[in-house]
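Undergrad: Attaching a single structure in structure tokens format; questions to follow.
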Amino acid sequence: MNKQWTIGKIKEFVEKNSESKLLTKEYHGFSQKLLFKCACDSNFEKTFTKFKNKNQRKCDVCQPPKESR
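With the sequence shown counted from 1, adding 583 to any position gets you the numbering used here.
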């Protein structure tokens with residue numbers, strides 16, 4: 584079953600599952616990059632899919648990208 588995400592549901596998910604805050608006001612689909620504010624006060628962009636499924640919930644300074652294999 585495909586869950587339809589709205590900007591309200593995404594904001595709620597972000598608040599419950601991370602220390603980051605969602606700054607984006609509109610959601611147009613899974614490929615859209617959303618703007619977040621990390622707990623360290625820097626902004627970063629991620630798609631919601633990466634944020635949710637790949638646990639990329641902080642900026643690149645607080646959570647550096649994993650090296651590719």
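We treat Cβ as the ideally placed atom computed from N, Cα and C, and that holds for glycine.
Nearest to T581 by alpha carbon, out of C623, Q615, Q646?
TA: A query on residue 581 cannot be resolved here, the shown segment of the chain reaching from 584 to 652 and no further.
Undergrad: Please determine, among K649, N636, R652, the residue with the shortest C-alpha to C-alpha distance to S601.
TA: N636
Undergrad: Give a yes or no on whether the C-beta atoms belonging to K604 and K592 are separated by under 7 Å.
TA: no
Undergrad: Can you list, in chain order, the stretches of the beta strand (DSSP E) that have 3 or more residues and sit fully within the stretch 602-649?
TA: 616-620, 626-630
Undergrad: Find out if the Cβ-Cβ distance for the pair C642, F627 is shorter than 7 Å.
TA: yes
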